[in-house]
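Chemist: Input: one structure, supplied below.
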Amino acid sequence: MRERPATDIADHFAEVTRSAISQHLAVLKAAGLVIERRDGTRRLYRADRDEMKKLREFLDEFWTSGLERLRDVAEAAQRDKEKR
Amino acid sequence: MAELVREIMIEATPETIWSFLTEPDSLVGWHGTVAEIDPRPGGIYRVLVAGQFQSAGEYVEVVPTEKVVFTFGWEEEGHPIPPGSTTIEITLHPEGDKTRVRLVHSGLPDDAVDDHGHGWALYLERLAVRVAGDDPGPDRGSGGEA
Numbered sequence: 211m212r213e214r215p216a217t218d219i220a221d222h223f224a225e226v227t228r229s230a231i232s233q234h235l236a237v238l239k240a241a242g243l244v245i246e247r248r249d250g251t252r253r254l255y256r257a258d259r260d261e262m263k264k265l266r267e268f269l270d271e272f273w274t275s276g277l278e279r280l281r282d283v284a285e286a287a288q289r290d291k292e293k294r
Numbered sequence: 005m006a007e008l009v010r011e012i013m014i015e016a017t018p019e020t021i022w023s024f025l026t027e028p029d030s031l032v033g034w035h036g037t038v039a040e041i042d043p044r045p046g047g048i049y050r051v052l053v054a055g056q057f058q059s060a061g062e063y064v065e066v067v068p069t070e071k072v073v074f075t076f077g078w079e080e081e082g083h084p085i086p087p088g089s090t091t092i093e094i095t096l097h098p099e100g101d102k103t104r105v106r107l108v109h110s111g112l113p114d115d116a117v118d119d120h121g122h123g124w125a126l127y128l129e130r131l132a133v134r135v136a137g138d139d140p141g142p143d144r145g146s147g148g149e150a
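Set out below in structure tokens:
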């Protein structure tokens, strides 16, 4: 992932103000998804892929185990209905 | 932006499964511990997960026994998936006496972007989603907003 200054990033979003972009970059940085580096007066940003990968793995597990629990409770409920 | 797709085959009718998606007491039988949900378009979706993580969003589309769509995120300060920033669509497909349940979680940050510049464009679409979502809504501002 290439490093970019915030102004470059803002150029991708014509309808979004620079200050909004800065705020969102700050949120992503706080979340650990973006790494900021200072180069003189410039701030450069790059995405942290490892963190994004971890987030993806978390969600994979979150929904996989969730659906397995849904299957267990729904199948139990279905068996109960059929007994009656 | 990325999406995550999960499917599972369940030996139950869509009607049986539907109640577990839309009734709070049944929902917490498999997902979360406290559910405050109003499954109709514009209705609130709030589910407390693992006793401490507050997920939140809003229902977008509800077609009984077929399909439910809601926005989704976490209220935790600074979480990369804030409330309303992603979308979950759950569809039920009857196959004989079983039902295939398909879950699509879309609008996720990309983790497989290339190094040649469009990486940022893809990744930063998320920012646009957040910005667009900055209008006051019923579920915003109680935690995850920075």
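Line by line, the protein sequences give chains Z and R. Under this note's numbering, the residues of the first sequence are numbered 211 to 294, in order. Under this note's numbering, the residues of the second sequence are numbered 5 to 150, in order. In this text, a Cβ means the ideal position worked out from N, Cα and C, and glycines have one as well. Predicted, not measured: the structure shown is a model, and the values here were computed from it.
#1: Can you tell which of Z:R294, Z:F272 and Z:D290 has its C-alpha closest to the C-alpha of W34 (chain R)?
#2: So what does DSSP say about R266 (chain Z), is it helix, strand or coil?
#3: Could you tell me whether the Cβ atoms of T75 (chain R) and T91 (chain R) are closer together than 8 angstroms?
#4: Using a Cβ-Cβ cut-off of 8 angstroms, state whether L254 (chain Z) counts as contacting chain R.
#5: In the structure shown, what three-state DSSP assignment does Q56 (chain R) receive?
#6: Based on DSSP bridge pairs, tell me the residues matched to W78 (chain R).
#7: May I have the straight-line CA-CA distance separating P18 (chain R) from A224 (chain Z), to the nearest angstrom?
#8: My understanding is that P43 (chain R) touches V67 (chain R), with C-beta atoms under 8 angstroms, so please give their C-beta distance in whole angstroms.
#9: For a contact defined as C-beta to C-beta under 9 angstroms, what are the partners of E15 (chain R) on chain Z?
Modeler: Reading off the structure:
#1: Translated into the one-based positions of the second sequence, residue 34 (chain R) becomes position 30. It is Z:F272 whose Cα lies nearest to the Cα of W34 (chain R).
#2: One-based indexing of the first sequence puts residue 266 (chain Z) at position 56. Correct three-state label for R266 (chain Z): helix.
#3: Translated into positions along the second sequence, residue 75 (chain R) becomes position 71. Translated into positions along the second sequence, residue 91 (chain R) becomes position 87. When the beta-carbon positions are compared, T75 (chain R) and T91 (chain R) come within less than 8 angstroms of each other.
#4: For the purposes of this step, residue 254 (chain Z) is taken as the residue at position 44 of the first sequence. By this cut-off, L254 (chain Z) is not an interface position.
#5: As a position in the second sequence, residue 56 (chain R) is number 52, starting the count at 1. Q56 (chain R): coil per DSSP, three-state reduction.
#6: Position 74 of the second sequence, counted from the start, is the residue given in the question as residue 78 (chain R). W78 (chain R) is bridged to R:S59.
#7: Locating residue 18 (chain R) in the second sequence gives position 14, where the first residue counts as 1. Locating residue 224 (chain Z) in the first sequence gives position 14, where the first residue counts as 1. Annotation: P18 (chain R) to A224 (chain Z) spans about 45 angstroms, alpha carbon to alpha carbon.
#8: The residue labelled residue 43 (chain R) in the question sits at position 39 within the second sequence. The residue labelled residue 67 (chain R) in the question sits at position 63 within the second sequence. Under the criterion of beta carbons closer than 8 angstroms, P43 (chain R) and V67 (chain R) do not qualify as touching, at roughly 11 angstroms.
#9: Taking the first residue of the second sequence as position 1, residue 15 (chain R) is located at position 11. Here the neighbours are R281, A284, E285, Q288 and R289.
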